[in-house]
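In terms of full-length UniProt numbering, the sequence shown has 258 at position 258, counting the first letter as 1, and numbering is strictly consecutive.
Structure record follows, encoded as structure tokens.
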Amino acid sequence: MIQILKVAPSLAAPFLRMHFHDCFVRGCDGSVLLNSTKTNVAERDAIPNLSLRGFSAIERVKARLEAACPNTVSCADVLALMARDSVWLSKGPTWPVWLGRRDGRISIANETDQLPPPQANITELIQMFSVKGLDLKDLVVLSGAHTIGTAKCATISDRLYNFTGLDNLNDVDPFMDKHYIDKLRSKCSPTDNTTLIEMDPGSYKTFDTSYYNYVVKRRSAFHSDWALLTDSFTRAYVLKHANGFESEFFQDFAESMIKMGNVEVLTGSQGEIRKKCYIVN
1 MIQILKVAPS LAAPFLRMHF HDCFVRGCDG SVLLNSTKTN VAERDAIPNL
51 SLRGFSAIER VKARLEAACP NTVSCADVLA LMARDSVWLS KGPTWPVWLG
101 RRDGRISIAN ETDQLPPPQA NITELIQMFS VKGLDLKDLV VLSGAHTIGT
151 AKCATISDRL YNFTGLDNLN DVDPFMDKHY IDKLRSKCSP TDNTTLIEMD
201 PGSYKTFDTS YYNYVVKRRS AFHSDWALLT DSFTRAYVLK HANGFESEFF
251 QDFAESMIKM GNVEVLTGSQ GEIRKKCYIV N
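In structure tokens:
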């Protein structure tokens with residue numbers, strides 16, 4: 001894992017994001033790793049997952065594990081471990097990863113509607129997290145994962161050019177700082193689907209609390225980030241950690257990741273341990 005991130009350090013955030021996307025659809029069962037077939041479009045080919053990266057790196061790790069200890073470590077466990085190590089190698093916290101997850105055999109693109117979209121408001125976010133057994137604190141803490149990584153211009157284009165559907169240069173998200181809008185517009189054209197922006201400008205490779213500072217300044221990438229300011233509990237957490245308290249955030253993040261990593265897991269005789277993560281046995 002260390003070698004992978006030495007060669008491709010930009011994969012740290014994608015591994016963490018992939019684990020999140022896996023756990024929110026059918027639980028943490030590695031279903032996001034399965035390829036589509038002739039008769040089924042899998043999760044990884046659904047619109048919310050088209051920007052996921054790192055699949056080949058996961059396959060390399062899995063292949064080594066199979067060679068050393070066959071039929072023992074599931075793809076779901078591999079992904080959970082790689083997400084944890086990605087955070088730690090980004091100077092963030094670490095946490096114990098409980099192993100024993102089994103891999104699911106089903107992956108359906110349409111089920112990715114369970115993933116919180118970047119345009120979600122606080123009511124939608126609370127409901128989507130609650131369904132997975134995650135509470136308000138988990139919501140605001142796990143949102144802090146946006147302290148690392150990048151996003152495509154396309155994911156924020158509506159905030160810059162077409163927030164209410166008017167499709168003109170004045171139709172911007174009123175909750176985003178105007179100067180930040182101007183800065184993003186200088187990088188992102190209305191039809192740009194390739195350019196990447198830093199989700200935590202100036203610190204996007206380091207896991208820290210600066211994300212919350214950008215939320216307070218209304219310079220966060222997604223509307224769902226700003227939405228954290230519209231609930232009294234999540235707002236208080238954002239305001240507190242915008243001023244630091246890194247050790248507390250690290251502890252909170254570790255606890256929420258353990259909780260998320262146990263969402264609807266398959267164990268025992270459920271599922272299987274895939275030999276290759278992209279295909280069922």
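We put the beta carbon where it would ideally sit given N, CA and C, even for glycine.
From a predicted model like this one, the values you see are computed outputs, not experimental measurements.
In the three-state reduction of the DSSP assignment, N49 falls in the helix class, which pools H, G and I. Taken in chain order, the complete alpha helix (DSSP H) segments of 4 or more residues contained in the region 52-95 are 55-68 and 75-89.
C-alpha of D138 to C-alpha of R26: approximately 19 Å in a straight line.
The Cβ-Cβ distance between R44 and G149 does not fall below 8 Å.
Here H179 is exposed, its C-beta having fewer than 16 other C-beta atoms within 10 Å.
Going by C-alpha positions, P117 is about 26 Å away from A57. DSSP places A13 in the uninterrupted alpha helix (DSSP H) bounded by A12 to C23. For L99, the secondary structure class from DSSP, reduced to helix, strand or coil, is coil. For K152, the enclosing beta strand (DSSP E) begins and ends at T150 to K152.
Distance check between V216 and each of T94, M176, K187 and D252 places M176 closest, using alpha-carbon atoms only. The DSSP-derived three-state label of I258 is helix.
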